[in-house]
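As structure tokens, the structure follows; a few thoughts come after it.
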Amino acid sequence: MKRQHTAIRHRQLEPLPEVEVCYTTETQTLSIQNGLRVKDGEETARGLTAFYDADGSLVAIDLESAEFLLKPFLDAVRRKEKEKPLP
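The opening position of the sequence shown corresponds to residue -6 in my numbering, with each subsequent residue numbered one higher.
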């Protein structure tokens, strides 16, 4: 059985804000946000928190222990590109 995918529409921001990425080394937290004001947040998986504005639109995510979680992925990409793995 072929699976149908439904597009999820959201309110369009004009112009779209720039992506802001911040990494905090002390907590190994990677934050990705669009600069809009955060109203609420919820942990959607262990170490992954989604933040929403007053309209309920996603405006930011935080990934705790990002170095531990992303290193295997980044090393695989570097191997594929024939670069030395990260220390």
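Heads up, the beta-carbon is just placed ideally off N, CA and C, and yes, glycines get one too. Keep in mind it's a predicted model, so treat the numbers as computed, not measured.
Could you please give me the residues that DSSP links to residue i through a beta bridge?
i: residue 19; result: Answer by DSSP bridge pairing: none, since residue 19 is not bridged.
i: residue 14; result: 25
i: residue 55; result: 24, 42
Going by C-alpha to C-alpha distance, which of the options sits closest to residue i?
i: residue 39; options: 46, 54, 49; result: 54
i: residue 48; options: 27, 33, 74, 58; result: 33
With respect to the beta strand (DSSP E) encompassing residue i, which residues constitute its N-terminal and C-terminal limits?
i: residue 35; result: 33 to 38
Between residue i and residue j, which are expected to be in contact by the criterion C-beta below 8 Å, what is the C-beta distance as a whole number of angstroms?
i: residue 60; j: residue 21; result: 5 Å
i: residue 41; j: residue 56; result: 6 Å
i: residue 10; j: residue 29; result: 6 Å
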